[in-house]
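One structure is given here, and the rest of the page talks about it.
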Amino acid sequence: MEEFKMSEKKTPPKPLPVKDRFKRVPIKMRSPEERIHDFDLYIHGYTDEEARAEAARCLACNVCVKGCPARLDIGAYVRAIADGEPKNALQIILKDLPLPTICGYVCTHNCEDLCVLGRRGDPIAIRHLKRYAAEAVEDYSEVVEATPKPDTGKKVAIIGAGPAGLTLAYRLALKGVKPVIFDALPYPGGTMYVGIPPYRLPRKVIEKEVEFIKSFGVEFRFNTRVGEDIPFEKLMEEYDAVFIGVGNHRPRRVECKGSDCSGVYHALEFLRGVALGEIKEVGRRVAVIGGGFTAMDAARVSLRLGAEKVMVLYRRRAQDRPGYPSSNAEEELREAEEEGIEFVWTVTPFEYTSKDGHISGIKYWKNRMIEVPGKRARPEPIKDQEYFVEVDTVIEATGQKINFDFLPEEIREKLEMSWSEIKVNEFGETSIPGIFAGGDATNEKKDIISAVADGNRAAVGILRYLFPERAEEFHIKE
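Heads up: the sequence shown at position 220 corresponds to 220 in the numbering used here, and the numbers run straight through without jumps.
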């Protein structure tokens, strides 16, 4: 593992009185009235003083680590910030996470939901403190000395330049294994680049982290579709192992009457089209179908493209939406409501109307909710009354799945699957020796930090596979 230089510690802050530990140092944000008119970042980072004050609230119990899939030593890096040592904090973070700034902006921060201070007040702002530490250093090489091991002659093909693939590539490069990342997009980051709006995750942040990883000899081949531009079989022949880290890019559609008219998008293609400059307007009235995080992004992007009214239509109640209950889901909903997004709960669209081939409105039913023991309540449309709303654009944020068409049929037949994900063992290896997988392809959580954890796990598995005589050297962090 890499070497870390620790700088001299400053005088730690005085312990906070108990009564002051329960209130979070506020995060400064641009006003909703201002931020909806552009794609600029809207959440400001902590100042040195604010970060130290927030970190000083920490009780150092480290219960929060149980909520982190990558098992970052949260207590240690928060304490380093409290001591006025953001560089030391970043050194600690980089031991388990090569994407600290990205996660400092958009991590789902499940760790905060376990913070014991949250039981009586506000949890520690762990995600924002991570961002503070990462942004304190322009060049990570100033902080961490990670010298790759000598070239072992081994090569690994990584399909997908998302967080799982990037993390894996970084880990392998440090061990003298040559990683080559293949991605169909012209940019690194996968869905992070084309699916997360820049007001939440600036593109320069992704580029900074990718350049850090690239500096260790990681090779990228963009605009390259495995299965089309290069056969999967060729990767198996030319590389010592293959990692499947593809994202969820095949949309699930509503498929109601009239869904083939123009002006109807799936959220993935909509967000990608906006990111690549292919979609620049949405009209005056926009309806987003769905209630998850992607729906929130699509709705808020629509506002920034000039829509005057944006509605989110969801078939269940607010408390049934994906991600709830969590502080992340609450933040997303609150910020969307602040910006003027209108939410219409418990409805089912059944027909899109059109004029001259373009979407003009949505017909929908109201739903009654049927309680199901042990599961989310089930929506049941009440069909004796119809409702209608005029729209210029419809965006369906109704889920997506993995597209495995790039795999040869004989490979697909041998891969063990769990519903729509690939089954892997504790080391990220599939049912086919030498083929590993992680991220959205294997993980139901479908979030960045879980993908990072998968990349770390697969790195251990691949190293054990490539060097079986040294298997005991490589361990998974529990």
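We put the beta carbon where it would ideally sit given N, CA and C, even for glycine.
Leaving aside the five residues before and after residue i along the sequence, list all residues of the same chain whose C-beta is less than 8 Å from its C-beta, in chain order.
| i | result |
| --- | --- |
| P148 | A173, L174, K175, G176, F216 and G217 |
| E332 | F293, M296 and G323 |
| K309 | R284, R285, V286 and E342 |
| E416 | I422, K423, T430 and S431 |
| D20 | R57 |
| I382 | W365, K366, N367 and R368 |
Can you give me the Cβ contacts of residue i inside the same chain, cut-off strictly under 6 Å, excluding the 5 residues immediately before and after it?
| i | result |
| --- | --- |
| L166 | I213 |
| V25 | E50, A53 and E54 |
| R316 | P379 |
| V210 | P188 |
| I476 | R457 and V460 |
| E112 | P123, I126 and S327 |
| P32 | E338 and E339 |
| L474 | Checking the sequence, you will find Phe at residue 474 rather than Leu. The answer, listed in chain order, is V460, L463 and R464. |
| A307 | V282 and V286 |
| P197 | D297 and V301 |
| D151 | G176 |
Less than 8 Å between the C-beta atoms of residue i and residue j, yes or no?
| i | j | result |
| --- | --- | --- |
| I395 | E380 | no |
| I126 | C64 | yes |
| C115 | I124 | yes |
| H109 | N328 | yes |
| G399 | A164 | no |
| R131 | G153 | no |
| P186 | I158 | no |
| F22 | R171 | no |
| G428 | A471 | no |
| E339 | I93 | no |
| P202 | L99 | no |
| I479 | A441 | What is shown of the chain runs 1 to 478, which leaves residue 479 out entirely. |
| A169 | Y465 | no |
| C58 | G84 | no |
| A80 | N88 | yes |
| V372 | V344 | no |
| F406 | V226 | yes |
| E269 | P251 | yes |
What does the alpha-carbon distance come out to for the pair residue i and residue j?
| i | j | result |
| --- | --- | --- |
| E50 | D229 | 50 Å |
| P349 | I362 | 7 Å |
| K280 | S302 | 9 Å |
| A184 | G434 | 22 Å |
| M6 | V106 | Only weak support is given to the placement of M6: the predicted model assigns it a pLDDT of 36, under 50, and the value that follows is read from those uncertain coordinates. Near 27 Å, if we compare the C-alpha coordinates of V106 and M6. |
| A299 | F467 | 49 Å |
| L305 | V282 | 7 Å |
| C261 | K423 | 38 Å |
| F4 | A136 | Per-residue confidence for F4 stands at a pLDDT of 33, beneath the threshold of 50, marking its modelled position as unreliable; no derived number is given. |
| F222 | D139 | 24 Å |
| E390 | T346 | 18 Å |
| T191 | K155 | 25 Å |
| G374 | P325 | 15 Å |
| E2 | A146 | Because the pLDDT at E2 is just 40, under 50, the model does not fix this residue reliably, and the value given afterwards should be weighed accordingly. If you take the alpha carbons of E2 and A146, they lie about 5 Å apart. |
| G67 | L117 | 15 Å |
| L271 | A397 | 10 Å |
| K9 | A133 | Bear in mind that the predicted position of K9 carries a pLDDT of just 46, short of 50, making it too unreliable to give a figure here. |
| E386 | S259 | 18 Å |
| V78 | E469 | 38 Å |
| H266 | E237 | 37 Å |
Assuming residue i and residue j are in contact, meaning their beta carbons sit under 8 Å apart, how far apart are those beta carbons, in whole angstroms?
| i | j | result |
| --- | --- | --- |
| G189 | A161 | 6 Å |
| Y199 | F39 | 5 Å |
| V254 | I206 | Actually they do not touch by this definition, with Cβ atoms about 31 Å apart. |
| D320 | I359 | Incorrect: roughly 27 Å between the Cβ atoms, too far for contact. |
| I402 | V246 | 6 Å |
| E233 | P86 | Not confirmed; about 48 Å, so no contact. |
| Y193 | A275 | 7 Å |
Quickly, what does DSSP pair residue i with across the bridge? List them, please.
| i | result |
| --- | --- |
| T348 | W365 |
| S259 | In DSSP, S259 forms no bridge with anything. |
| K155 | K178 |
| F220 | I181 |
| Q400 | P251 |
| M29 | I43 |
| A287 | M311 and V394 |
| V301 | Paired residues: none, contrary to the question. |
If we cut at 8 Å on Cβ distances, does residue i have a partner in chain B?
| i | result |
| --- | --- |
| E233 | Among the chains in the structure shown there is no chain B, since it carries only a single protein chain. |
Should residue i be counted as a contact of the ligand HEM given a C-beta to heavy atom distance under 7 Å?
| i | result |
| --- | --- |
| S431 | Ligands in the displayed structure: none, and consequently the ligand HEM is not present. |
Can you find the residues in the same chain that come closer than 7 Å, C-beta to C-beta, to residue i, ignoring five residues on each side of it along the sequence?
| i | result |
| --- | --- |
| A70 | D96, L97, I449, V452, A453 and N456 |
| G461 | F427, G428, E429 and F436 |
| K28 | H44 |
| C256 | P349, F350, E351 and Y352 |
| E413 | none |
| A336 | M296, A299 and R300 |
| D447 | T108 |
| G273 | I279 |
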